[in-house]
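Number of protein chains: 2
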Amino acid sequence: MNAVPLKRARGRPKKTESEKDDGNRRQALIAAAGYLFKTQGFDATSTREIARRVGMQAGSPFYHFNNKQDLLMAVIVEGLQQAIASQHMALLLAQEVEPDMTERQRLGVLIRHHLDVLLGPHSDFIGVMLYEARSLTPAHRLRVNELSDAYEAAWIPVLEQLSQQGQLAAPVKAARLLIFGALNWTVQWFDMPQSGVRAKDTQRLGLDELADAAIQLFLKPV
Amino acid sequence: MNAVPLKRARGRPKKTESEKDDGNRRQALIAAAGYLFKTQGFDATSTREIARRVGMQAGSPFYHFNNKQDLLMAVIVEGLQQAIASQHMALLLAQEVEPDMTERQRLGVLIRHHLDVLLGPHSDFIGVMLYEARSLTPAHRLRVNELSDAYEAAWIPVLEQLSQQGQLAAPVKAARLLIFGALNWTVQWFDMPQSGVRAKDTQRLGLDELADAAIQLFLKPV
DNA sequence: CCTACCGATCGGTAGG
DNA sequence: CCTACCGATCGGTAGG
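Protein chains in written order, with the working numbering: chain A, 892 to 1113; chain B, 892 to 1113.
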């Protein structure tokens, strides 16, 4: 009823707020690093630039990460974990909409989701992994491979069934590697419809059309 | 008939020899840079390291190239020109061996040659282009695109005919981009049979098998 | 998280 | 092509 409690509420509850801030700042660093690593490359991005982007001083990122490599690792792990989770969700949701999904449709869902992770507006993370994994230490690379395997695990039974149905003609392992290559490479040439001007090139592919083209290219007729 | 002419021949015919050396040293720098750029990346490779690799002092590469970017450009142009030439040769040679080549066979030749350029023992150059083109200036990138177009030109009529024959189901442009992606990505996972130990993983793909798998994956049955 | 700082390295140059 | 060198920048740290 008087000003005292209000004043107290405006005070600085040190521990709690600093811990919350900690997590926020760390996430901010990961997001900034992800964007810069993706657009400029790991080596071409300085920790100073990352710091500036989140309003920190030059040395401050090293309060949150031991070194630049750990920051790269955090970006990649964050991206892979999100991708694994959203891939799982995409499959569940599709199953709900279409309970009798064919394996061909299931592959379509996986491809469409993968393109979204690679090219969609929200994730700079996977693109970083694809092209900067070289800069990881061997120990970190092991952990990344584990997560990558978890991500690819959803694809293997689908491809194997399609192979048994005669819709996939190449050896399954080679097919999987080639298909991932075709999809991962899209980050090199696919230009998203920017939020700004739409140029004269009206014939631009959408993610849906691209996913359809991939299915048509890879699979034999039913 | 006397020693004089011999002595003269042993002298130092300045201009000629220095020019020849010039070319040799320049080529040596391109080769060294190609290898290092490919294995470590452009940004992670110092000009000093390139110089050391060919027995030069730290500043000497800049006698041959204005700056590091020009050296990268030379590596890429060299690689693309070789690839265009050898692709042409591969087509001619195949045509000679098999005069009534089908379009399917022709695509097989193109794919097999492309894999050789990417993964074969002699070329560090194309791999560099694929993953370091980002570091080029816009002007240089234009020139690279010209050469890339020349390289891809051989593929387009083949893909279009296959499309008309019903062996290629996806839109031709999307198919071309996806196919190049699948092939270009192989540099990320394909490990050449090294000149040394052959590990327990005996089931290793050869370039021929890989090319066959690609054809099976991309094309419909005749 | 900031201030202040360090050693190392880098691309590039002048002058021969 | 070498010698000798420069300014700039970088990742990272100590100490608060």
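Even glycine gets a Cβ: it sits at the ideal position worked out from N, Cα and C.
Legend entry - B/Gln978 at chain A interface by Cβ criterion, 8 Å: Chain A contact via Cβ: absent.
Legend entry - Same chain, Cβ closer than 8 Å to B/Asp1099, five either side skipped, listed in chain order: Arg1003
Legend entry - Interface flag, B/Asp1082 vs chain A, CB-CB below 8 Å: At a cut-off of 8 Å between C-beta atoms, B/Asp1082 does not count as an interface residue with respect to chain A.
Legend entry - Distance CB(A/Leu962)-CB(A/Ala924) smaller than 8 Å: A contact, by the Cβ cut-off of 8 Å.
Inset, instruction - Taking A/Phe1109 as the query, report the chain B residues whose CB atoms sit under 8 Å from its CB, ordered along the chain. - result: Leu1108 and Phe1109
Legend entry - Environment of B/Arg943 [buried if 16+ CB atoms lie within 10 Å]: That one is exposed.
Inset, instruction - Report the residue ranges of all alpha helix (DSSP H) runs contained in full by the segment 990-1019 of chain B; include only those spanning at least 4 residues, in chain order. - result: 994-1010
Legend entry - CA nearest to the CA of A/His867, picked from A/Tyr954, A/Leu1033, A/Pro1112 and A/Asp1103: Beyond the ends of chain A as shown, which are 892 and 1113, falls residue 867 of chain A; an answer cannot be given.
Legend entry - Residue nearest to A/Val1113 in terms of C-alpha spacing, selected from B/Leu1069, B/Leu1101, B/Ala1060 and B/Leu998: B/Ala1060
Inset, instruction - Classify B/Asp1082 as helix, strand or coil using the three-state DSSP reduction. - result: coil
Legend entry - Whole-Å CB distance - B/Thr1077 paired with B/Leu1009, under 8 Å assumed: 6 Å
Legend entry - Within chain A, partners of B/Asn1036 - CB distance below 7 Å: Ordered by position in chain A, no residue passes the 7 Å Cβ test against B/Asn1036, which lies about 11 Å from the chain.
Legend entry - Other residues of its chain near A/Ile921: CB distance less than 8 Å, five sequence neighbours each side excluded: Cβ within range, chain order: Leu962, Ala965, Val966 and Glu969.
Inset, instruction - Using 10 angstroms around the beta-carbon of B/Val988, count the other beta-carbons present and answer buried if the total reaches 16, otherwise exposed. - result: exposed
Legend entry - Residue-chain proximity (A/Ile941, chain B), Cβ-Cβ < 8 Å: no
Inset, instruction - Indicate whether at least one CB of chain B lies closer than 8 Å to the CB of A/Ala924. - result: No, no contact with chain B.
Legend entry - Near-chain B residues of the segment 1051-1085 of chain A - C-beta to any C-beta below 9 Å: Leu1059, Ala1060, Ala1061, Pro1062, Lys1064, Ala1065, Ala1066, Leu1068, Leu1069, Ile1070, Phe1071, Gly1072, Ala1073, Leu1074, Asn1075, Trp1076, Thr1077, Gln1079, Trp1080 and Phe1081
Inset, instruction - Output yes if chain B places a C-beta closer than 8 Å to the C-beta of A/Pro1112; else output no. - result: yes
Legend entry - Beta-carbon neighbours of B/Arg995, restricted to chain A and to distances below 8 Å: Within chain A, no C-beta atom comes nearer than 8 Å to that of B/Arg995; the closest sits roughly 13 Å away.
Legend entry - Expected contact under 8 Å - CB spacing of A/Met980 and A/Gln986 to nearest Å: Their Cβ separation, rounded to whole angstroms, is 11 Å, which puts A/Met980 and A/Gln986 out of contact at 8 Å.
Inset, instruction - Using a Cβ-Cβ cut-off of 8 Å, state whether B/Ala935 counts as contacting chain A. - result: yes
Inset, instruction - Assuming B/Thr1007 contacts B/Tyr926 (C-beta within less than 8 Å), just tell me the rounded distance between them. - result: Sequence inspection shows Asp at residue 1007 of chain B; the Thr mentioned does not correspond to that position. Wrong, their Cβ atoms sit about 18 Å apart, outside the cutoff.
Inset, instruction - Check the Cβ-Cβ distances between B/Lys1091 and every residue of chain A, and say whether any is below 8 Å. - result: Only weak support exists for where B/Lys1091 lies, its pLDDT of 45 falling under 50; the value from the coordinates is given anyway. By this cut-off, B/Lys1091 is not an interface position.
Inset, instruction - Could you tell me whether the segment 1043-1062 of chain B touches the segment 1033-1052 of chain A, where touching means 3 or more Cβ pairs closer than 8 Å? - result: no
Legend entry - Straight-line Cα distance separating A/Leu1096 from A/Val1088: In this prediction, A/Val1088 has a pLDDT of 41, which is less than 50 and means its spatial position is unreliable; nothing more can be read from the coordinates.
Legend entry - B/Ala1030 versus A/Gln1056: straight-line alpha-carbon distance, rounded: 50 Å
Inset, instruction - Assign B/Gln948 to one of two classes, buried (16 or more other C-beta atoms within 10 Å of its C-beta) or exposed (fewer than that). - result: Of the other Cβ atoms in all chains shown, fewer than 16 fall within 10 Å of the Cβ of B/Gln948; this residue is therefore exposed.
Inset, instruction - Could you tell me how far apart the beta carbons of B/Gln1058 and B/Arg995 are, in whole angstroms, since I believe they sit closer than 8 Å? - result: Yes, they are in contact, since the Cβ atoms of B/Gln1058 and B/Arg995 sit about 6 Å apart, within 8 Å.
Inset, instruction - With 8 Å as the threshold, decide whether the Cβ of A/Asp1042 is near any Cβ in chain B. - result: The question names Asp, yet the displayed sequence has Tyr at residue 1042 of chain A. A/Tyr1042 does not count as touching chain B.
Inset, instruction - Please go through the same chain and pick out, in chain order, the residues whose beta-carbon is closer than 6 Å to the beta-carbon of B/Phe1081, but skip the five residues on each side of it. - result: Around B/Phe1081, the same chain offers Leu1010 as residues with beta carbons nearer than 6 Å, after the five sequence neighbours per side are excluded.
Inset, instruction - Using a threshold of 8 Å, state whether the C-beta atoms of B/Phe928 and B/Val1035 are closer than that. - result: no
Inset, instruction - Compute the distance between the beta-carbons of A/Leu1108 and B/Leu1101, then report whether it is under 8 Å. - result: no
Legend entry - Given B/Ala935 as reference, the closest of B/Leu983, B/Gln918 and B/Glu1023 once Cα atoms are compared: Considering only alpha carbons, the answer is B/Glu1023.
Inset, instruction - Scan the segment 999-1023 of chain A for residues whose Cβ lies nearer than 7 Å to a Cβ of chain B and list them as they occur along the chain. - result: Tyr1022
Inset, instruction - Below 6 Å CB to CB, which residues in the same chain sit around B/Asn1075 once its five sequence neighbours on both sides are set aside? - result: Leu1021
Legend entry - Residues near B/Ala1045 by beta carbon distance below 7 Å, same chain, minus five either side: Excluding sequence neighbours, B/Ala1045 sits near Gln978, Leu982 and Leu1001.
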